[in-house]
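Q: Numbering (my numbering), first residue to last: 2 to 294. Mind looking over this structure? Questions follow.
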């Protein structure tokens, strides 16, 4: 069975399928041990929950594929458990998350191979394929577990400072605005996880808040009369010029600033100076971070 990635931006599904039903699992994070959480305890916790779900049942013997469905149930349990456990990956220490994702990927691959052998000679039901796709997609999104924003909250516009990546290092996951970018109050200027933020993005005017991975799209509207910045999930495709540059993902370098900072700053200044209407900062549904007191 070829397991493709899930739809971009689509959260993991907990499907009702026939003749195997898997209902939505409840949130039982509060029942996890608070002193030490490992991938083994996290996965075991969700495996117990999925097994206990009233919606999980075996196929009736009258179903022509009853044996295949019965043999698929352990792998459904495994895939759903991994999907839910990855959703709680932020409960693990940052240093343990990479290994947990590796172990999850091995489990997903193993379950997919078994389902392929169970359904050899006949098409695998779409519902099972979707469960496997959701598990694969959960690996992609789990790399952002524990993510934090650096958000500009000063009263004036921010001109993004120069960031020294030789000092900051290429560790964990990081995206930030190109030096010289002008950003509005309330806008994310960078986000990261499993690392420390660049030192230049601390101090007065910067606020650290939890949030999802996002992109800031700049739109010059009304024939250049208004600047509108739109914040949306990185899994959505939106109109506008993206302002946040992905620098590294799970320790792998994936991008660098390529525009001259001085020229870019002047271009940004010109856009704001020529606008006659107030600049606008908008957030897509589900991406605005909580307001901290």
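Glycine is no exception: its CB is placed at the ideal position from the N, C-alpha and C atoms.
Do you know how far the Cα of residue 106 is from the Cα of residue 41?
A: For residue 41 and residue 106, the distance between alpha carbons rounds to 14 Å.
Q: Below 8 Å on the Cβ atoms is my guess for residue 211 versus residue 290; work out the distance and round it to an integer in Å.
A: Going by Cβ atoms, the distance from residue 211 to residue 290 rounds to 6 Å, so yes, they are a contact pair.
Q: Using a threshold of 8 Å, state whether the C-beta atoms of residue 188 and residue 232 are closer than that.
A: Yes.
Q: Quick check: what's the CA-CA separation for residue 278 versus residue 228?
A: The alpha-carbon atoms of residue 278 and residue 228 are separated by roughly 8 Å.
Q: Secondary structure at residue 284, three-state DSSP: helix, strand or coil?
A: Three-state result, residue 284: strand.
Q: Within 10 Å of its beta-carbon, does residue 118 have 16 or more other beta-carbons around it, so buried, or fewer, so exposed?
A: Exposed, since its Cβ has fewer than 16 Cβ neighbours within 10 Å.
Q: Given a cut-off of 8 Å on the beta-carbon distance, is the pair residue 197 and residue 147 in contact?
A: No, the pair does not count as a contact, with Cβ atoms beyond the cut-off.
Q: Is the stretch 171 to 179 touching the stretch 125 to 136, taking contact as three or more C-beta pairs under 8 Å?
A: Touching, no, given that fewer than three Cβ pairs across the two stretches are closer than 8 Å.
Q: In terms of alpha-carbon separation, which member of 109, 166, 238 and 270 lies closest to residue 84?
A: Looking at the Cα atoms, 109 is the closest of the given residues.
Q: Just how far apart, CA to CA, sit residue 152 and residue 205?
A: Those two C-alpha atoms are separated by around 11 Å.
Q: For residue 215, which residues does DSSP report across the bridge?
A: In the DSSP output, where bridge partners are listed per residue, residue 215 has 234.
Q: Report the partner residues of residue 84 according to the DSSP bridge assignment.
A: Paired residues: none, contrary to the question.
Q: Go ahead and pull the three-state DSSP assignment for residue 258.
A: Reduced to three states, the DSSP call for residue 258 is coil.
Q: As a quick exercise: from 251, 274 and 236, pick the residue whose alpha carbon is nearest that of residue 285.
A: For the residues 251, 274 and 236, the minimum Cα distance to residue 285 belongs to 236.
Q: Within the stretch 91 to 174, note down every full beta strand (DSSP E) run reaching 3 residues or more, in order along the chain.
A: List check, beta strand (DSSP E) in window: 149 to 153.
Q: Count the other CB atoms, across all protein chains shown, that sit within 10 Å of the CB of residue 101; report buried if there are 16 or more and exposed otherwise.
A: By the 10 Å Cβ count, residue 101 comes out buried.
Q: Indicate the three-state DSSP secondary structure (helix, strand or coil) for residue 251 in the structure shown.
A: Three-state result, residue 251: coil.
Q: Roughly how many whole angstroms lie between the Cα atoms of residue 112 and residue 166?
A: C-alpha separation (whole angstroms): 40 Å.
Q: Under a three-way DSSP split, which group does residue 220 fall into?
A: In the structure shown, residue 220 sits in a strand (DSSP, three-state: E or B).
Q: Looking at C-alpha atoms only, which residue of 230, 191, 218 and 223 is the closest neighbour of residue 247?
A: The shortest Cα separation from residue 247 among 230, 191, 218 and 223 belongs to 191.
Q: As a quick exercise: from 89, 219, 88 and 124, pick the residue whose alpha carbon is nearest that of residue 283.
A: Minimum Cα distance to residue 283 is reached at 219.
Q: Tell me where the beta strand (DSSP E) around residue 194 begins and ends.
A: Residues 189 to 194.
Q: Going by C-alpha to C-alpha distance, which of 267, 43 and 257 sits closest to residue 249?
A: That would be 257, whose Cα lies nearest to the Cα of residue 249.
Q: Can you list, in chain order, the residues of its chain whose CB lies under 6 Å from that of residue 160, leaving out five sequence neighbours each side?
A: Correct list, in chain order: 183.
Q: In whole angstroms, what is the alpha-carbon distance linking residue 155 and residue 51?
A: If you take the alpha carbons of residue 155 and residue 51, they lie about 46 Å apart.
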